[in-house]
Ligand code: C2O
Ligand code: CU
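Residue numbers (our numbering): -19 to 469.
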């Protein structure tokens, strides 16, 4: 196995490496002339809590005048934002009009294993799947995406990502910005590489498997360097990192302060002031940004510390931060100007409540065996979790409904974003220290650089037929076997 340093040097030497921001850095000035696309809002309650999604291929021009083949949920790319109310039962109908087998996983939604949409729940081409989703969790920003083993990474890269908003009334009670598309914006952050004809280039060379697929261009809601017009007051951004592998290190070009108000599983106890925020694959943060000064500002992403020299944005290291998108203010009246000082009561996260402790060593050590990852690979990110690669026939962990456990996650090879299905957790420690305040709330994925201790709450059932997954959310790592399954009864 290589050390992280050798790994970084080896990787940088490979010219096929996609490095986020290269294209932007090379192209010089950015004009930000594409208006930020806002996904369609489906408010489930407005349509009798019955929601249909059609998964199909489409055409979408990332590069002007050069349409590419893409995938989407009832859209050429990405999908709608589905708003669900706590306490409602949503009858979903998902139709697969792709020519590939897929699944739909409701990432972060607390539902039993048999409607979670994991790799066992295949929807064949032409078929429909009708899960009933019982929404019973606090307000949060969640998402949905495919989970068909060995094709998850490609399908997401082609565009299959949608957002879910769970509403429990707290937004109105707290007076938070909540006018969708105006002062409450979904921002789906991804990176992609494009061929000269504008088509999506999904790299499956050895490097992509070792590091995960990384593109050279940042996209937001499917657009390159878009511009959003926002009212001159407080604006809520629902940030979702839906990249296959890239961590985004976000800040504003004027280094203004903003506040994190929610993480994956819902609100934090109070707004957390930040000037920079790292968001790893599958993580969500809701942030409040104040545009009262009326000035335009650029959201930027910087070097990915967790990736060593490979995390640099420009090949020569010159552009430390590259633009993601621009915000300009309108002259309308702001809808919200004041930020609440307190958000929700969070219970204390205490080890004492745990019935047991388990350790998960997530290892992406390299080996040269071609057979381990199919025909794509010369080098294979292998090993897996606790020395075992994913096996759909094997149940790795048995948990008990209504209990808490401490899961200690140890990262080997590189930093891994570790995700658990069907449960939320609190971070007890990360790299040996208590979590910083914006990581102290409820989560379902955490970027583990060395080790982290998680207090996981199990309150959803999952059987052997439909177990829950836990895995690295670098999608190429997941595909290479950094995934396990647990049941809960
Ligand atoms: Cu985003 Cu296994 O999930
Ligand atoms: Cu990983």
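For each residue, glycine too, the CB sits at the ideal point set by N, CA and C.
Residue environment analysis places residue 46 among the exposed positions, since fewer than 16 neighbouring C-beta atoms fall within 10 angstroms of its C-beta. Listed in chain order, the beta strand (DSSP E) runs fully inside the region 106 to 160 are 112 to 114, 120 to 125 and 142 to 147, counting runs of at least 3 residues. Note on the region 248 to 289: whole beta strand (DSSP E) runs with a minimum of 3 residues are 257 to 259, 264 to 270 and 277 to 281, in chain order. Per DSSP, the continuous alpha helix (DSSP H) segment holding residue 191 begins and ends at 186 to 191.
For the set 200, 149, 54 and 79, the Cα lying nearest the Cα of residue 14 is the one of 200. Between the region 111 to 128 and the region 57 to 65, the count of C-beta pairs closer than 8 angstroms reaches three or more; the two stretches touch. Not one heavy atom of the ligand CU sits closer than 7 angstroms to the Cβ of residue 259. Taken atom to atom, the span from the alpha-carbon of residue 17 to that of residue 272 is near 23 angstroms. Distance from the Cα of residue 455 is smallest, within the candidate group 138, 120 and 101, for 138. Judged by their CB atoms, residue 448 and residue 401 are nearer to each other than the 8 angstroms cut-off. In the three-state reduction of the DSSP assignment, residue 26 falls in the helix class. In the pairwise beta carbon analysis, the region 150 to 168 is classified as touching the region 316 to 330: at least three pairs are separated by under 8 angstroms. Cβ neighbours of residue 223 within its own chain (closer than 6 angstroms, five residues either side excluded): 170, 171 and 261. Judged by DSSP in its simplified three-state form, residue 401 adopts coil rather than helix or strand.
For residue 208, the enclosing beta strand (DSSP E) starts and ends at 206 to 210.
When C-alpha distances from residue 375 are compared across 185, 384, 103 and 365, the shortest belongs to 365. Here residue 253 is exposed: its Cβ has fewer than 16 other Cβ atoms, across all protein chains shown, within 10 Å. Residue environment for residue 83: buried (at least 16 other C-beta atoms within 10 angstroms of its C-beta).
With a 10 Å radius around the Cβ and a threshold of 16 neighbouring Cβ atoms, residue 91 comes out buried. If you ignore the 5 residues before and after residue 409, its C-beta comes within less than 6 angstroms of the C-beta of 433, all in its own chain and listed in chain order. Taking every protein chain shown into account, the CB of residue 52 has 16 or more other CB atoms within 10 angstroms, so this residue is buried. In the DSSP assignment, residue 230 falls within the unbroken beta strand (DSSP E) covering 228 to 232. Taking 7 angstroms as the cut-off, the C-beta of residue 262 counts as close to a heavy atom of the ligand C2O. Going by DSSP, residue 460 is part of the alpha helix (DSSP H) stretching over 455 to 460. DSSP places residue 87 within a strand segment (E or B) once states are collapsed to three. Looking from the CA of residue 118, the closest CA among 126, 233 and 326 belongs to 326. Residue pairing from DSSP places residue 423 in a beta bridge opposite 405.
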